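Please read the structure below before turning to the comments.
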Amino acid sequence: MNVQERHLPKKKWKLRTLGLAFGSSTVAYLLYHQDAEVKNLEVTLYRKMPLKAMSRLWGRFNELELPIFLRRPLLSLYIWMFGCRLDEAEVEDLRHYRNLGEFFRRQLKPDVRPIDDNYVLTSPSDGKILHYGRVENGILEQVKGVTYSLRGFLGPQTWRDAKSTNINHISDTEYQEELGMQPDHDLFHCIIYLAPGDYHRFHSPTNWVLHHRRHFPGELLSVNPGIARWIQGLFNFNERAVYTGTWDHGFFSMCAVGATNVGSIKIYCDEDLKTNTRSKYPEGAYFDKVFQSSIQVAKGSMFGEFNLG
Amino acid sequence: STIVLIFEAPKGFQFKVHDGQKIRFGQALGTL
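Protein chains in written order, with our numbering: chain A, 1 to 309; chain B, 310 to 341.
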């Protein structure tokens, strides 16, 4: 600061300070909005990609029967790339897997995953905990600070006599209240991400009774943690099979969410479920199935699998 | 691919995991 500036009258200082504050705020505002616009454009372009068609093609390719001499080198490459634990697989001889699709849905040896009986809720699958916690005001977090809505994820509560069938007319908080939970109860959630090398079958995390399935034939965006941090509401866009029912403590739901190249979901007690088909549906479309007789699902029992495709 | 669990439980329910933790099927997720 030179001598002249030091002796500027107070009024001029105030004007300069105000000008500086205004200027920096404007620059920050413009940068923020430019970033937001660029991000929106990137997300829109990403969602326009033909990821479902590409995944179906990948699935079909991986169902081709490999010549026996190629099975070991090709599958070994996959195992090396994604860090699979071959020693845990029920079948360790790679020549027995006709293709990558079969290896992807491999079974494990019966003793490598003991079920913890000391806990009421156990992990349904191998993977990484993406996020967990209480559901507050009908909003869930896919990763810290990035949210999606419960009503968008589950859809109208037609599996029970909810007051509102049109969920667009109620708030997220009202939607959660309509779940009719007991007064001393809360709603919780947990997201488990399965990486490409993980065991891709999943099991029941507790004893519960299944009443209803809702299939959202959405998109097949990647669900890796990086994308989950990037796209708000990611899980409400993707194809998913939502199973709802009850457990000892009230409402319970388990949802299998598909992803790029892994959009083919099979549920052992629900043969009608067909995922990643060629049919086109409007955004938000869903198909319901009410199980005529409720299905008792035992803790640790095999529930379903993700497949390539 | 991803599995999402959403469930009602008494307010005292506690998760036995942390964000980013690697987990295997059958391991403890939470308790009352």
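Glycine is no exception: its CB is placed at the ideal position from the N, C-alpha and C atoms.
Everything numeric in this text was worked out from a predicted model, so none of it was measured.
Residue i versus the options, residue with shortest Cα-Cα distance
{"i": "A:Lys136", "options": "A:Cys84, A:Thr173, A:Leu130, A:Gly127", "result": "The amino acid at residue 136 of chain A is misidentified as Lys; the sequence shows Glu. Among A:Cys84, A:Thr173, A:Leu130, A:Gly127, the Cα nearest to that of A:Glu136 belongs to A:Thr173."}
{"i": "A:Tyr175", "options": "A:Cys190, A:Ile79, A:Leu154", "result": "A:Leu154"}
{"i": "A:Leu221", "options": "A:Cys255, A:Arg229, A:Trp208, A:Phe237", "result": "A:Phe237"}
{"i": "A:Gly133", "options": "B:Thr311, B:Ile312, B:Phe324", "result": "B:Phe324"}
{"i": "A:Arg47", "options": "A:Glu178, A:Trp230, A:Gly309, A:Ser293", "result": "A:Trp230"}
{"i": "A:Lys144", "options": "A:Glu88, A:His131, A:Leu150", "result": "A:His131"}
{"i": "A:Thr275", "options": "A:His185, A:Gly309, A:Thr147, A:Val290", "result": "A:Gly309"}
{"i": "A:Lys266", "options": "A:Leu108, A:Trp208, A:Arg201", "result": "A:Arg201"}
{"i": "A:Gln232", "options": "A:Val223, A:Arg240, A:Glu239", "result": "A:Val223"}
{"i": "A:Leu187", "options": "B:Pro319, B:Thr311, B:Ile312, B:Ser310", "result": "B:Pro319"}
{"i": "A:Leu94", "options": "A:Pro73, A:Val112, A:Asn207", "result": "A:Pro73"}
{"i": "A:Arg56", "options": "A:Gly300, A:Thr260, A:Asp184, A:Thr158", "result": "A:Thr260"}
{"i": "B:Glu317", "options": "A:Gly138, A:Asp270, A:Leu66", "result": "A:Gly138"}
{"i": "A:Pro156", "options": "A:Asn166, A:Cys269, A:Gln296", "result": "A:Asn166"}
Neighbourhood of residue i by C-beta distance below 8 Å, restricted to the same chain and skipping five residues each side
{"i": "A:Ser253", "result": "Leu154, Val242, Tyr243, Thr244, Gly245"}
{"i": "A:Leu75", "result": "Leu94, Tyr97, Leu100, Phe103"}
{"i": "A:Ile68", "result": "Arg95"}
Neighbourhood of residue i by C-beta distance below 6 Å, restricted to the same chain and skipping five residues each side
{"i": "A:Thr44", "result": "none"}
{"i": "A:Gly197", "result": "Phe82, Gly83, Cys84"}
{"i": "A:Leu179", "result": "Phe251"}
{"i": "A:Ile191", "result": "Leu130, His131"}
Coarse secondary structure for residue i, derived from DSSP in three states
{"i": "A:Thr275", "result": "coil"}
{"i": "A:Arg240", "result": "strand"}
{"i": "B:His327", "result": "coil"}
{"i": "A:Phe235", "result": "helix"}
{"i": "A:Gln157", "result": "coil"}
{"i": "A:Thr260", "result": "coil"}
{"i": "B:Thr299", "result": "Any property of residue 299 of chain B remains undetermined from this structure, which presents chain B solely from 310 to 341."}
{"i": "A:Tyr193", "result": "strand"}
{"i": "A:Thr44", "result": "helix"}
{"i": "A:Lys128", "result": "strand"}
{"i": "A:Met49", "result": "coil"}
{"i": "A:Asp198", "result": "coil"}
{"i": "A:Gly101", "result": "helix"}
{"i": "A:Arg106", "result": "coil"}
{"i": "A:His215", "result": "strand"}
{"i": "A:Thr206", "result": "coil"}
{"i": "A:Gly180", "result": "coil"}
{"i": "A:Ser294", "result": "strand"}
Residue i: CB within 8 Å of a non-hydrogen atom of the ligand GTP
{"i": "A:Arg106", "result": "The ligand GTP is absent from the structure shown, which contains no ligands of any kind."}
Contact the segment 215–222 of chain A vs the segment 284–302 of chain A: 3+ CB pairs below 8 Å: Under the Cβ criterion (8 Å, minimum of three pairs), the segment 215–222 of chain A counts as touching the segment 284–302 of chain A.
Residues from the segment 243–264 of chain A in contact with chain B, defined by Cβ distance under 8 Å: Correct list: Trp247, His249, Gly250, Phe251, Phe252, Ser253, Met254, Cys255, Ala256, Val257, Gly258, Ala259, Val262.
Chain B contacts made by the segment 104–127 of chain A, where a contact means CB separation under 9 Å: Correct list: Leu108, Val112, Arg113, Pro114, Ile115, Asp116, Asn118, Tyr119, Val120, Leu121, Thr122, Ser123, Pro124, Ser125, Asp126, Gly127.
Contacting positions in the segment 218–230 of chain A - beta carbon closer than 9 Å to chain B: In summary, the residues of the segment 218–230 of chain A whose CB is separated from some CB of chain B by less than 9 Å are Val223, Pro225, Ala228, in the order they occur in the chain.
Cβ pair count under 8 Å reaching 3, the segment 90–104 of chain A against the segment 45–64 of chain A: Short answer: they touch.
Contact set between the segment 180–193 of chain A and chain B, restricted to residues whose Cβ is under 7 Å from the partner: So the close ones are Met181, Asp184, His185, Asp186, Leu187, Phe188, His189, Cys190, Ile191, Ile192, Tyr193.
Against chain B: residues of the segment 58–83 of chain A by CB proximity under 7 Å: Cβ contacts with chain B: none found.
Chain B contacts from the segment 201–219 of chain A (Cβ-Cβ distance under 9 Å): Per Cβ criterion, the list reads Arg201, Phe202, His203, Pro205, Thr206, Trp208.
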